[in-house]
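Asker: For the protein sequence lines, the chains are A and B, in the order given. All residue numbers for the first sequence refer to our numbering, where the first residue is 1 and numbers rise by one. All residue numbers for the second sequence refer to our numbering, where the first residue is 1 and numbers rise by one. A virtual CB, placed ideally from N, CA and C, is assigned to each residue, including glycine. The model shown is predicted, which means the values in this text are computed figures rather than measured ones. First, the structure itself, so that you have it in front of you.
There are 2 protein chains.
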Amino acid sequence: MSNELIMKGQKAQEVSRKLMLLSSNEKNNALEAVAEALIKREAEILEENGKDLESAKEKGITGALMDRLTLNHNRIEGIAEGLKMLINLEDPVGEVLWMKKRPNGLQLGQKRVPLGVIGIIYEARPNVTVDAFGLCFKTGNAVILRGGSEAIHANTKIVEIIQDALMSIGLPAEAVQLLEDTSRETAKEMMRLNQYIDVLIPRGGAGLIKTVVENSTIPVIETGVGNCHVYIDSEADINMAVKVAYNAKTHRPGVCNACESILINKEILDKVAPLLIAKLQEGNVEIRGDEEIKKYSDKIVDACEEDWSTEYLDYIVSMKTVANIEEAINHINTYGSKHSEAIITNNYEKSNRFLDAIDAAAVYVNASTRFTDGFEFGFGAEIGISTQKLHARGPMGLKELTTTKYIIYGNGQIRE
Amino acid sequence: MSNELIMKGQKAQEVSRKLMLLSSNEKNNALEAVAEALIKREAEILEENGKDLESAKEKGITGALMDRLTLNHNRIEGIAEGLKMLINLEDPVGEVLWMKKRPNGLQLGQKRVPLGVIGIIYEARPNVTVDAFGLCFKTGNAVILRGGSEAIHANTKIVEIIQDALMSIGLPAEAVQLLEDTSRETAKEMMRLNQYIDVLIPRGGAGLIKTVVENSTIPVIETGVGNCHVYIDSEADINMAVKVAYNAKTHRPGVCNACESILINKEILDKVAPLLIAKLQEGNVEIRGDEEIKKYSDKIVDACEEDWSTEYLDYIVSMKTVANIEEAINHINTYGSKHSEAIITNNYEKSNRFLDAIDAAAVYVNASTRFTDGFEFGFGAEIGISTQKLHARGPMGLKELTTTKYIIYGNGQIRE
């Protein structure tokens, strides 16, 4: 195990015991101070970001990846604004979820407390550095960050600014620590630091998440993959079906709550398929369909078995006809990634059947899958969208960065 | 990956989709049928258990391990009674935790649903086979069991009886499946079956739990280790301090919520130590103490660094003097296993300070650590005591075997 890791792990543990005792006011003041420091020291951040962009160019990085790596005045203002937004959110720490008196007189309650030390492994997005710090700090947790090597200069500077701001108001700098060593080996070592890190959250693509799940001895919150469906039932409102399916597919195709597959009940196929296919094709969406679907346009290519389980994250959609709602449910439970699933129907029983039988984090009746999001759900913040069932499922806000402890008030009770 | 595992994993997934839709009445009827079948077919179980005991004897197994392996008429009645007790507990599945209307008219709620497929890896205790089935079934989950090789005959028979009883009332037998192959290799393969198993719960000793945490790609709920403390503050009631510390240590030393270490404030040492040490020694407790403690009896041996972090699970206790509550808190947060910790004090501020600053699943004021238990907490059942912070912390009842899903009722909402 690298020395850097062990030292940072021990320091984080130590500091987490102080952070868990901070009042909401103290935490909010610190978030304000950090936001101001980031704005004041913008020039330093941009200079370091320039170095990252330089080496990215040399490595031939372009397009979306280059865009994600790039900071500018507006983006830094946006990042600072994000921190300030956290100030207004209710602090979940300290809430007593319930308290009751046991027959022996013990007063037993369950209280929300910080997780302790959170590890976050992410890729080349320097904005995540601030965002992750803010969410963890607001909930009283220490955080160890491991960002991508492409953003190491900007990340190092950002963490330095946060630490300076914390120290300037008498708080421990090590509330946030960044791994300087961005090698894959050290990242894998970090995944085994369960002695010091309570929870590990990977934020990035499917490859990163798979590596973390396979290697971590720390409890992981898995985020990410979304192979989401819209099922258009025989009793759907045609216009609503077209509008919702189109929105779910095209509103932002590169995100996990975008629709990847549309299922249509064969009884309504003739009414909905021509309109929907035309609209999708106008929107430059490539359609991969089964034999029934292909009849409506010769631009539709064959969908193969692999298509049913593919998250395109692009202007591509697979389309399939089903005989009834049970076939739709089976298909979704077989090929879906348990993220977000929608039915369009006006039938009461079928809406309930879909809500009950679909095994996913978010199940919709007559609405777009695109709403699966911490902000859209009204949480005011989002650390990611969990696709596992343990601890948190679906969009995670501040509460999901806490755990609980039992508090027990007695007057000398012993077990007889 | 072994064929047996993949086939059982697929089958469990398939069956879990049926179990999650069962009503509480259907599940309760099944639990009743299984309990009756176990009683009716007691002779078959005892015959198979006899084979296990025979081979255990040949292997030279004795003592507590042999006792745990042994079934008899009373124990089988007790096991069946345990199942029947589950019938009267409230079914957590289906509870809507909250529901609210979003500004765009979406009705958003969070509903409690089964986890899906639970894996349980345990040692040579055939009673766990029934217990684990009952808890998982009551909460609508399919379960894959991997018991110890020492109990394979009894386990196989018990699972056969449960499956027969389920089939006799038209339910899928594979609600419970037992791994026939009890090799360590297959157990390790099971830990990597994250495609089919949603949550893995090891029930057993520290070695088993460590192996699962280090090898599993499935989210794990860690249970077990408890290095628990009683801190006797300078403002403690002397009699209460002696009574509680003695109870926490000696009521049942072999369990995780037993006290392993007693910390005494030096200001009260002269008043409490003679009484407590005499009482512990009368109870045949070996005391390992620091220099201050050793002054009170020449039978007290030196406590070394290792003692502070040892879970004896025996009639042994370590004792240490501390200068103040902060030293006690630091000691506990450093050496404790975050399980159950108690302070004895009549001081208001110090009781609050201890409750806030101690990082543990259960923190007590003026009561024995022995109460950390699903039954004592009023949950009516217990699957184990979680010592991790993700998902569940402390005693786990039925609720902890569920997850949630978001249900969203719309009328055509799309993301603009």
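Under 8 Å by Cβ, that's how I've got B:Ala-258 and B:Lys-266 pegged, so tell me the actual separation to the nearest angstrom.
Answerer: Not really, about 25 Å apart at Cβ, beyond 8 Å.
Asker: If you count every other CB in all the chains shown that lies within 10 Å of the CB of B:Ala-43, and 16 or more means buried, which is it?
Answerer: B:Ala-43 should be labelled exposed.
Asker: Where in the stretch 353-401 of chain B do unbroken runs of the beta strand (DSSP E), each at least 3 residues long, occur, reported from the N-terminal end onward?
Answerer: Counting only runs of 3 or more, we get 362-367, 384-386 and 394-396.
Asker: Mark A:His-73 as exposed unless 16 or more other C-beta atoms lie within 10 angstroms of its C-beta, in which case mark it buried.
Answerer: With fewer than 16 other Cβ atoms within 10 Å, it is exposed.
Asker: So is A:Glu-341 buried or exposed if we call it buried at 16+ other beta carbons inside 10 Å?
Answerer: Label assigned to A:Glu-341: buried.
Asker: Check whether the Cβ of B:Thr-217 lies closer than 9 Å to any Cβ atom in chain A.
Answerer: Yes - at least one Cβ of chain A is within 9 Å of the one on B:Thr-217.
Asker: Strictly below 9 Å CB to CB, what residues from chain A border B:Asn-284?
Answerer: Neighbours of B:Asn-284 on chain A: none; closest Cβ ~18 Å, over 9 Å.
Asker: Ordered along the chain, which non-local residues of its own chain (more than five positions away) have a Cβ less than 8 Å from that of B:Ile-209?
Answerer: Answer for B:Ile-209: Pro-202, Glu-222, Thr-223, Gly-224 and Val-225, listed in chain order.
Asker: Quick one: is A:Ser-163 buried, meaning 16 or more other Cβ sit within 10 Å of its Cβ, or exposed?
Answerer: Note on residue identity: the sequence assigns Gln, not Ser, to residue 163 of chain A. It is buried - the Cβ of A:Gln-163 has at least 16 other Cβ atoms within 10 Å.
Asker: In three-state DSSP terms, what is A:Met-265?
Answerer: Here residue 265 of chain A turns out to be Asn, not Met, going by the sequence shown. The answer is strand: DSSP assigns A:Asn-265 an E or B state.
Asker: Measure the C-alpha to C-alpha separation of A:Lys-320 and A:Ile-344 and round it to an integer number of angstroms.
Answerer: Cα-Cα distance, rounded: 15 Å.
Asker: Please name the residue, chosen from A:Val-143, A:Phe-375 and A:Ser-183, that lies closest to A:Ser-2 on a Cα-to-Cα basis.
Answerer: It is A:Ser-183 whose Cα lies nearest to the Cα of A:Ser-2.
Asker: Tell me which residues share the same chain as A:Lys-350 and place their Cβ nearer than 8 Å to its Cβ, disregarding the 5 neighbours each side in the sequence.
Answerer: So the list reads Asp-233, Glu-235, Ile-325 and Ile-343, once near-sequence residues are dropped.
Asker: Looking at C-alpha atoms only, which residue of B:Glu-305, B:Ala-360, B:Glu-327 and B:Ala-273 is the closest neighbour of B:Ser-337?
Answerer: The candidate whose alpha carbon is nearest that of B:Ser-337 is B:Ala-360.
Asker: Between A:Asn-411, A:Glu-150, A:Glu-47 and A:Gly-384, which has its C-alpha nearest A:Leu-135's C-alpha?
Answerer: The residue with the shortest Cα to Cα distance from A:Leu-135 is A:Gly-384.
Asker: Look at B:Val-130 and B:Leu-83 and say whether their C-beta atoms are less than 9 Å apart.
Answerer: Yes, these two residues count as a Cβ contact at 9 Å.
Asker: Counting along the chain, where does the alpha helix (DSSP H) carrying B:Arg-252 start and finish?
Answerer: Here B:Arg-252 belongs to no alpha helix (DSSP H), and DSSP marks it neither H nor E.
Asker: For the candidate residues A:Val-363, A:Phe-354, A:Asn-127 and A:Arg-102, whose alpha-carbon lies nearest to that of A:Asn-411?
Answerer: With distances taken between Cα atoms, A:Asn-411 lies closest to A:Arg-102.
Asker: Give every residue of the same chain whose Cβ lies closer than 7 Å to the Cβ of A:Met-240, excluding the five residues on either side of it in the sequence, and list them in chain order.
Answerer: Answer for A:Met-240: Ile-344 and Asn-366, listed in chain order.
Asker: If we call anything under 9 Å between Cβ atoms a contact, is B:Gly-60 one with B:Glu-123?
Answerer: No.
Asker: Between the stretch 104-119 of chain A and the stretch 184-200 of chain A, can you find at least three pairs of beta-carbon atoms closer than 8 Å?
Answerer: Output reads yes: the stretch 104-119 of chain A touches the stretch 184-200 of chain A.
Asker: Return the first residue and the last residue of the alpha helix (DSSP H) that B:Met-190 is part of.
Answerer: Unbroken alpha helix (DSSP H) run through B:Met-190: 184-190.
Asker: What residues in the stretch 391-411 of chain A have a beta carbon less than 7 Å from any beta carbon of chain B?
Answerer: Answer in chain order: His-391, Arg-393, Gly-394, Thr-403, Thr-404, Lys-405, Tyr-406, Ile-407, Ile-408, Tyr-409, Gly-410 and Asn-411.
Asker: Quick one: which residues of the stretch 350-379 of chain A get their C-beta closer than 7 Å to a C-beta of chain B? List them in chain order.
Answerer: Answer set for the stretch 350-379 of chain A: Leu-355, Asp-356, Ala-357, Asp-359, Ala-360, Ala-361, Ala-362, Val-363, Tyr-364, Val-365, Asn-366, Ala-367, Ser-368, Arg-370, Phe-371, Phe-377 and Gly-378.
Asker: Starting from B:Ser-23, follow the beta strand (DSSP E) in both directions and report where the run begins and ends.
Answerer: B:Ser-23 -> no beta strand (DSSP E), and no H or E assigned at all.
Asker: Please state if the CB of A:His-229 and the CB of A:Ile-262 are separated by a distance shorter than 9 Å.
Answerer: Yes; because the gap between Cβ atoms is below 9 Å, this pair is in contact.
Asker: I believe B:Glu-376 touches B:Gly-397 by the beta-carbon criterion, under 8 Å. Please report the beta-carbon distance rounded to the nearest angstrom.
Answerer: Not confirmed; about 11 Å, so no contact.
Asker: Name the chain B residues that come within less than 7 Å of A:Gln-388, Cβ to Cβ?
Answerer: Result: Pro-219.
Asker: Ordered along the chain, which non-local residues of its own chain (more than five positions away) have a Cβ less than 6 Å from that of B:Asn-49?
Answerer: Taken in chain order, the residues that qualify are Leu-71 and Ala-154.
Asker: Excluding the five sequence neighbours on either side, which residues of its own chain have a C-beta within less than 6 Å of the C-beta of A:Ile-144, listed in chain order?
Answerer: Same-chain partners within the cutoff: Lys-8, Ala-12, Gly-119 and Gln-177.
Asker: Spatial neighbours of A:Asp-428 within its chain, please: C-beta separation below 7 Å, excluding the five flanking residues on both sides.
Answerer: Nothing can be reported for residue 428 of chain A: it is not among the residues displayed for chain A, which extend from 1 to 416.
Asker: Would you say the stretch 76-95 of chain B touches the stretch 20-37 of chain B, given that touching needs at least three Cβ pairs under 8 Å?
Answerer: They touch, by the three-pair rule.
Asker: Just to make sure I have the definition right: I need the residues of chain B whose C-beta is within less than 8 Å of the C-beta of A:Val-213. Which are they?
Answerer: Near A:Val-213 (Cβ distances below 8 Å), the residues of chain B are Asn-194 and Thr-217.
Asker: Kindly list, in the order they appear in chain A, the residues whose Cβ is closer than 8 Å to that of B:His-73.
Answerer: Those within 8 Å of B:His-73 in chain A number zero; the least Cβ separation is about 27 Å.
Asker: Note down the Cα distance separating A:His-391 from B:Val-242, rounded to an integer number of angstroms.
Answerer: Distance between the alpha carbons of A:His-391 and B:Val-242 is about 39 Å.
Asker: With a CB to CB cut of under 6 Å and the five nearest residues on each side skipped, what residues in its chain are close to A:Tyr-283?
Answerer: It should be noted that the sequence gives Gly, not Tyr, for residue 283 of chain A. So the list reads Thr-250, once near-sequence residues are dropped.
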